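Here's the structure we're looking at; comments come further down.
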Amino acid sequence: MSTESRVRAVTTFRLSEMKQRGEKIAMLTSYDYSMARIVDAAGVDVILVGDSAANVMAGYETTLPITLDMMIYHARSVVRAVERALVVVDLPFGTYQGNSKVALDSAIRIMKETEADAVKMEGGEEILESVQRILSAGIPVMGHLGLTPQSIHKFGTYTVRARGQAEADKLVRDACLLEEAGCFAIVLEKIPAELGRRVAAERHIPMIGIGAGNGVDGQVLVIHDMLGINQGFSPRFLRRYADLHRIMTDAVEDYVRDVKVCDFPNDAEQY
Ligand code: KIV
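Position in the sequence shown (first residue = 1) + 505 = this note's numbering.
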C-alpha cells in the first residue's frame, strides 16, 4: 500500500461533520485482517481494535490481562486490511493510568508500530493529564465513559452505570472535560438512554453508544457478539445480526463427517 492510500476516507474531522449533519456513525470492533477487510468493505465508519480482544480472541474473563504487545499485534493486522474506516486502538489496562509519561509512551508505540489513526482510553478526570499529554503529541484520543470494563474490579458488576444522580453528574462533567481537552469522540457504555441523549445533545463531539440508547451520535458493538459467534453474552442492548455459531458449527460438523466417511476430498478436489 502506498503512503498516499494510507490516508483513509473517514477522519476525525469527517466524524465531527457527521455529527453536525445528524448522520449516525457506525462503529464495530475487529481484531484480525480477514474480519477487518469485511467490516471495512461493508461501510463501517470506525473500526475499534478493542481490548475486548482479551475476551473474544484470547478467552480471558476480563479485559485486564491483555498487553500492549498483544494490542499492537491485533492492530497491525487490522490496519493492513482497512482502506476506508478510521482505526482506533484501545490503550490496555496498566499502560496509561500510572502517569502521563507512561501513557504517552504507550500511545506513541501504538501509533508508530501499527499506523492506526487514534487511541481510546477509559475514564474521565482521573486520566485527564494523560489524555492531555497524548493529545499534545498530536495523537487523536477517543474517550470512554459509563461502564469502563478495565475498572470491573472497582465496580464489582457489569450492570448499568450512572443510574444515580451523583454518578450521572460526574459522567456529564467528565464528558465536558474530555471534550475541552480535545478528544474527538467518546464511547458511552451501558448508561440510561436519557443520559446518553442529554450528553450527546450538550457536547459538540460525537458520542458513540453501546447500551446507551438511540439518542447518541452513533453505535458500537463487539463483532463476535453481533455476529452470534460468541453465544455466552446476551445483554439487553445486543442485537444479533447472524447466528454464526450455528453456521460455523454445522460447517465444521459436515467437514468432520465427510473426512470420516472418505467423502472429502473427492475426485475433483485432488491432483
Ligand atoms: O474493547 C471494546 O470492545 C470496547 C467496546 C465495547 C466499546 O471498548
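Ideal placement from N, C-alpha and C gives every residue a C-beta, glycine not left out. Note that this is a predicted model, so its numbers are computed, not measured.
Q: Excluding the 5 residues preceding and the 5 following Ile613 in the sequence, name in chain order all residues of the same chain whose CB lies nearer than 8 Å to its CB.
A: Ala642 and Ile644
Q.
By alpha-carbon positions, which one of Pro597, Glu758 and Gln724 ends up nearest to Val549?
A. Gln724
Q | Proximity test, Ser557 beta-carbon vs the ligand KIV heavy atom, cut-off 7 Å | A | yes
**Q.** Length at least 3, wholly inside the stretch 683-719: the beta strand (DSSP E) runs in chain order
**A.** 690-694 and 712-715
Q) Straight-line CA distance for Ala586 to Val593? A) 14 Å
**Q.** Contiguous alpha helix (DSSP H) assignments of at least 4 residues, all confined to the stretch 573-630
**A.** 573-586 and 605-619
(Q) Quick check on DSSP: helix, strand or coil for Val646? (A) strand
Q: Evaluate the contact criterion for the stretch 514-531 versus the stretch 557-569: three or more CB pairs, one atom per stretch, below 8 Å.
A: no
Q) Are the beta-carbon atoms belonging to Gly716 and Phe742 less than 8 Å from one another? A) yes
Q) Taking 7 Å as the cut-off, is the CB of Thr664 close to at least one heavy atom of the ligand KIV? A) no
Q.
Taking the alpha-carbon of His470 as reference, which of Ser635, Arg668 and Ala680 has the nearest alpha-carbon?
A. No answer is possible for residue 470: it lies beyond the span of the chain, which begins at 506 and ends at 776.
Q | Pick from Gly718, Glu707 and Leu683 that is closest to Val696, judged by C-alpha positions | A | A quick correction: the sequence has Ile, not Val, at residue 696. Closest by alpha carbon: Gly718.
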